[in-house]
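*Asks:*
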RNA sequence: AGGCGCGUAGCUCAGUGGGAGAGCGCUUCCUUGACACGGAAGAGGCCAGGGGUUCAAUCCCCCUCGCGCCUACCA
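Numbering (this note's numbering), first residue to last: 696 to 1585.
The following block contains the structure:
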């Protein structure tokens, strides 16, 4: 017997431990079963579970459990990401508290510290994944800085270098002065801000007059090496070639002509700062201008900044403006909306910064990645994201992969101090070709995304030719949020195609971002984060998982609302209570026969209409769930199960079979009980991928034959587990219509539920038979004391009525109801039907409709018209009758 | 600047070329032998606005308004 209430906490742990102990989640390297594989988007090792992870994990677990139960050799491969900048920042902060910094510590000691940190806290996120019920194969857990994965990184770097796809060069890159490292274009977040456009006058070096330039970053004038105008600009034509003198620092620079300049912006004259602006960088190259770097890596003014040397860049901006104003060179200031780049890790304003970095020449890789999706080897779902994918891939720029931090894969490049040779090697070299042993490794590490780009094959053992790779690559589906489509998905696609010659995943399912109930992005600073651990604590993991799955409709952000979780907690309660109901009705020694035996006729099985109906509905819902999951429509799958269990199984079927369950007829009772148990057991299996814990708990206690030791490895239901039966569904609809109609009369006319009603039903042959066969059931569900069914029923006096196509129902209520209320109820109903009739009639009178619409549609309309018209006429008659009674009563 | 998405019941959202559905909330009634975390019955919508295509538009096309998001080197 189950407890009165479901207590998630203890049971969740109990069953998770059980699954792990039994090793159910371990996939086979070699198997006769078809392979199914998901690699987890590795969370940051320093991270802790947020609601985005929770959604991600839930969907992956639903897929994995579903496939595992469906007979696949299912592998969900877990792991974590070393998250270079983020992790280094975290550890640096903790050092700071002890008054230390990484430079005092030195590189090696610092790396040791990070590993220590990882050992201490790296397990947090993994344990949180487990608490969500994630059925990962933990024996295959990986970390991007593992030895194996590091080997993959080196292999890839060396091969790309050898093919000329990795190069080193001095370019303008995005620099975070706080993290003290280069960033890729993607790692810069643009934020619209209300900035200012400053108009600054540069005097001519000789003679009077000046030229005015407009800039948003006045301090960069210190690095100007030219002023550019459009060659077509009449205003400035004569000035081209003249020399102007920068104020305060008195450097002379030329006025040049360049097509790039937009005459309509600002003054039409642009200051050119080649070392601090991407466009100016290009112009500088075109015109052979000097590149003057006025900043240091820390964001302070360099020695090139004259009197401002050593000042912070924003401090310098203020000072420059003040000084320019003082000497009358600041002409005016205008408001100007613009986008400013910030570091995605620390939100510091990034600087375009000239430095020597490593890059991946990405175009050749991108071409293949575009082709794979275009030609359908890899499919992005929902397909709308393919546009973004193509757009980005087609306009891709070389990828800056070197980072000036310490935590990460150190670039496998060594420089010879004696001969300046550059050695790029898989293994750490000890001597140079020149014989010198004086080698130093490049100080930089690789972008974290470089190693995660290899994740789908590095985790399976590449560069070795492993069984896992043969079995599981390409992986089946990648499930992730759109926020890392470019960062990660696109790069995996490129690397996978390059090194495995095959796409890394057949499908990419992109899910939405979760926002708060107001639609705001969740962030710690806004304080609107929903903590998944609190949700699971409060409502149980199953309810939370089910909520996330039910929310996961394609193509729209999720506005998360807690009361929905509460609603699904009620669903758990419902399921729990049906289970209790079943166990209460199984008497000691009762034999529960496996359904297949009943089906095959090995045991006497005399299903009633209700049994046949629920088995038919079961068959349908299984098909719907299966198809929905196949299409990644998680919300539809969850909704279908919810609807079936609650409203069909509980509300109708269970109520309907109570007469049998309480009867002395052993045969009838057995058919009902066996059907109920079978349908419920199958429903639990159907639901298991969504709610693994409660389903396992109930299933283990359910009195029935089991093919496996755990629900999580039970065969997933197929539509064969039900029996499609159109006739039963039709008949049940008649029965349910009758019950609903009687209940409706009772409800609408405020007749006490305790009062048992007398009911007369006028129905023709087929419906009449169906109703007669099920009159006991109807009687029970509608609480009647007697039902008279016949073709020639005459409406009794003072009866409430319900008219339906297949039947007319009369409920004599003399003295029990308000005749006026009934008349107005019927009139309201009649008006509705009348509107219907007119609508369909109008359609049918439209010749174009009859001629051009598909035959089936026209016929349907005609049938509807006949049906509604008949109903309307009956209703009118009835209303007339009631009105006569009313008159005669007066 | 370009691109994408969204606008459907009070709220959160499904949905489809043939007069719209769910969950929660709301109203009324009910402690009927699983469940009040329950049951029964209801109310509630010019499917953002305008135009077009079509026999037929909430759905397809165009425009407008509103709200998001992504990409972008205009100083």
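All C-beta atoms in this analysis are idealised placements derived from N, C-alpha and C, irrespective of residue type, glycine included.
Return the bridge partner residues of residue 1097 from the DSSP annotation.
*Replies:* Numbered from its first residue, the first chain carries residue 1097 at position 402. In the DSSP output, where bridge partners are listed per residue, residue 1097 has 1141.
*Asks:* Ordered along the chain, which non-local residues of its own chain (more than five positions away) have a Cβ less than 6 Å from that of residue 1531?
*Replies:* Stepping through the first chain from its first residue, residue 1531 is reached at position 836. Within the same chain, residue 1531 has close Cβ partners 1563.
*Asks:* Find the nearest neighbour of residue 915 within the set 725, 999, 1584 and 1222, judged by alpha-carbon distance.
*Replies:* Residue numbering aside, residue 915 sits at position 220 when the first chain is read from its first letter. Answer by Cα proximity: 999.
*Asks:* Starting from the Cα of residue 1083, find the closest Cα among 1180, 1050 and 1035 and give me that residue.
*Replies:* Translated into positions along the first chain, residue 1083 becomes position 388. Nearest option by C-alpha distance: 1180.
*Asks:* Return the bridge partner residues of residue 863 from the DSSP annotation.
*Replies:* Translated into the one-based positions of the first chain, residue 863 becomes position 168. Note: residue 863 sits in a beta bridge opposite 1053.
*Asks:* Along the beta strand (DSSP E) that carries residue 1109, what are the first and last residues, could you check?
*Replies:* Sequence index remark: in the first chain, residue 1109 carries index 414 (1-based). Run containing residue 1109: 1108 to 1111, per the beta strand (DSSP E) assignment.
*Asks:* Are there 16 or more other CB atoms within 10 angstroms of the CB of residue 1156, so buried, or fewer, so exposed?
*Replies:* As a working note, residue 1156 is residue 461 in the first chain. When all chains shown are included, residue 1156 counts as buried.
*Asks:* Hey, residue 956 and residue 983: beta-carbon distance below 7 Å or not?
*Replies:* As a first step, residue 956 is located in the first chain; it is residue number 261 there, counting from the start. As a first step, residue 983 is located in the first chain; it is residue number 288 there, counting from the start. Cβ distance not < 7 Å, so residue 956 and residue 983 don't count as in contact.
*Asks:* Tell me which residue opens and which closes the beta strand (DSSP E) that residue 1026 is part of.
*Replies:* One-based indexing of the first chain puts residue 1026 at position 331. That run of the beta strand (DSSP E) goes 1025 to 1038.
*Asks:* Buried or exposed for residue 1348, please, with buried defined as at least 16 other CB atoms from any protein chain shown within 10 angstroms of its CB.
*Replies:* Translated into positions along the first chain, residue 1348 becomes position 653. Classification for residue 1348: buried.
*Asks:* With distance defined between alpha-carbon atoms, name the residue in 964, 1444 and 878 nearest to residue 1050.
*Replies:* Position 355 of the first chain holds residue 1050. When each option's Cα is compared against that of residue 1050, the closest is 878.
*Asks:* Note down the Cα distance separating residue 1441 from residue 1453, rounded to an integer number of angstroms.
*Replies:* The count along the first chain starts at 1 and reaches residue 1441 at position 746. The count along the first chain starts at 1 and reaches residue 1453 at position 758. Those two C-alpha atoms are separated by around 12 Å.
*Asks:* Alpha carbon to alpha carbon, how far is residue 847 from residue 1190? Give it in angstroms, no decimals.
*Replies:* Along the first chain, read from residue 1 onward, the residue named residue 1190 stands at position 495. Along the first chain, read from residue 1 onward, the residue named residue 847 stands at position 152. Going from the Cα of residue 1190 to the Cα of residue 847 covers about 11 Å.
*Asks:* Would you say residue 1041 and residue 831 are within 7 Å of each other, going by their C-beta atoms?
*Replies:* As a working note, residue 1041 is residue 346 in the first chain. As a working note, residue 831 is residue 136 in the first chain. No, Cβ-Cβ distance for residue 1041 and residue 831 is not below 7 Å.
*Asks:* Nearest to residue 1228 by alpha carbon, out of 1383, 1257 and 1550?
*Replies:* Mapped onto the first chain, residue 1228 falls at position 533. Of the candidates 1383, 1257 and 1550, the one whose C-alpha sits nearest the C-alpha of residue 1228 is 1257.
*Asks:* What residue range is occupied by the uninterrupted beta strand (DSSP E) comprising residue 1104?
*Replies:* For the purposes of this step, residue 1104 is identified with residue 409 of the first chain, where counting begins at 1. Note, residue 1104: premise wrong, no beta strand (DSSP E); not H, not E.
*Asks:* Would you report the Cα separation of residue 1496 and residue 1317, rounded to the nearest angstrom?
*Replies:* Locating residue 1496 in the first chain gives position 801, counting from the first residue. Locating residue 1317 in the first chain gives position 622, counting from the first residue. Between residue 1496 and residue 1317, the C-alpha separation is close to 38 Å.
*Asks:* What did DSSP end up calling residue 1157 once you bin it into helix, strand or coil?
*Replies:* For the purposes of this step, residue 1157 is taken as residue 462 along the first chain, with counting starting at 1. Of the three classes helix, strand and coil, the one that applies to residue 1157 here is coil, per DSSP.
*Asks:* Quick one: what's got a C-beta closer than 8 Å to residue 963's C-beta in the same chain, skipping five residues either side?
*Replies:* As a first step, residue 963 must be located in the first chain, where it is residue number 268. Correct list, in chain order: 924, 925, 928, 930, 931, 956 and 957.
*Asks:* If we require 3 or more residues per run, which beta strand (DSSP E) segments fall completely within the segment 696 to 772?
*Replies:* Runs of the beta strand (DSSP E) inside the segment 696 to 772: 730 to 734 and 768 to 772.
*Asks:* Taking just the CA atoms, how far does residue 1246 sit from residue 1331?
*Replies:* Here residue 1331 refers to the residue found at position 636 of the first chain. Here residue 1246 refers to the residue found at position 551 of the first chain. Each residue's Cα considered, the two are about 10 Å apart.
*Asks:* What do you get for residue 1376, buried or exposed, if any count of 16 or more other CB atoms within 10 angstroms of its CB means buried?
*Replies:* Taking the first chain and counting its residues from 1, one reaches residue 1376 at position 681. Result: buried.
*Asks:* What's the gap between the Cα of residue 1106 and the Cα of residue 1137?
*Replies:* Here the question's residue 1106 lines up with position 411 in the first chain. Here the question's residue 1137 lines up with position 442 in the first chain. So the alpha carbons of these two residues sit roughly 6 Å apart.
*Asks:* Judging by CA-CA distance, which residue of 1536, 1419, 1568 and 1569 is the nearest neighbour of residue 1553?
*Replies:* As a working mapping, residue 1553 is identified with position 858 in the first chain. The shortest Cα separation from residue 1553 among 1536, 1419, 1568 and 1569 belongs to 1536.
*Asks:* Under three-state DSSP, which class holds residue 846?
*Replies:* To locate residue 846, count along the first chain from 1; it is residue 151. DSSP places residue 846 in helix when its eight states are reduced to three.
*Asks:* Ignore the nearest five residues each way along the sequence and tell me which others in residue 779's own chain have a CB closer than 7 Å to its CB.
*Replies:* Counting from 1 along the first chain, the entry for residue 779 is found at position 84. Correct list, in chain order: 1098, 1100, 1102, 1103, 1140 and 1143.
*Asks:* My understanding is that residue 770 touches residue 722, with C-beta atoms under 8 Å, so please give their C-beta distance in whole angstroms.
*Replies:* By 1-based counting over the first chain, the position of residue 770 is 75. By 1-based counting over the first chain, the position of residue 722 is 27. Correct: roughly 4 Å between the Cβ atoms.
*Asks:* Determine which residues share a DSSP beta bridge with residue 891 and list them.
*Replies:* For the purposes of this step, residue 891 is identified with residue 196 of the first chain, where counting begins at 1. Paired residue(s): 1030.
*Asks:* What does the alpha-carbon distance come out to for the pair residue 1002 and residue 991?
*Replies:* Your numbering for residue 1002 matches position 307 in the first chain. Your numbering for residue 991 matches position 296 in the first chain. Rounded to the nearest angstrom, the two C-alpha atoms are 15 Å apart.
*Asks:* Drop a sphere of 10 angstroms on the beta-carbon of residue 1023, count the other beta-carbons inside from all chains shown, and report buried for 16 or more, exposed for fewer.
*Replies:* As a working note, residue 1023 is residue 328 in the first chain. Exposed, by the Cβ-count rule.
*Asks:* Under 8 Å by Cβ, that's how I've got residue 734 and residue 776 pegged, so tell me the actual separation to the nearest angstrom.
*Replies:* On the first chain, position 39 is the one that residue 734 refers to. On the first chain, position 81 is the one that residue 776 refers to. Wrong, their Cβ atoms sit about 12 Å apart, outside the cutoff.
*Asks:* From 1391, 1389 and 1310, pick the residue whose C-alpha is nearest to that of residue 1422; which is it?
*Replies:* Walking along the first chain from the start, residue 1422 turns up at place 727. Checking every option, the nearest Cα to that of residue 1422 belongs to 1310.
*Asks:* Taking only the alpha-carbon atoms, compute the straight-line gap between residue 1382 and residue 1324 and give it to the nearest angstrom.
*Replies:* For the purposes of this step, residue 1382 is taken as the residue at position 687 of the first chain. For the purposes of this step, residue 1324 is taken as the residue at position 629 of the first chain. Those two C-alpha atoms are separated by around 12 Å.
*Asks:* In whole angstroms, give me the CA-to-CA distance for residue 1494 and residue 1508.
*Replies:* For this step, residue 1494 is matched to residue 799 along the first chain. For this step, residue 1508 is matched to residue 813 along the first chain. Rounded to whole angstroms, residue 1494 to residue 1508 spans 5 Å at the Cα level.
*Asks:* Buried or exposed, going by whether 16 or more other CB atoms sit within 10 Å of the CB of residue 1327?
*Replies:* Translated into positions along the first chain, residue 1327 becomes position 632. Residue 1327 should be labelled buried.
*Asks:* Decide if residue 904 is buried, meaning its Cβ has at least 16 other Cβ atoms within 10 Å, or exposed.
*Replies:* Within the first chain, numbered from 1, the residue matching residue 904 stands at position 209. Residue 904 should be labelled exposed.
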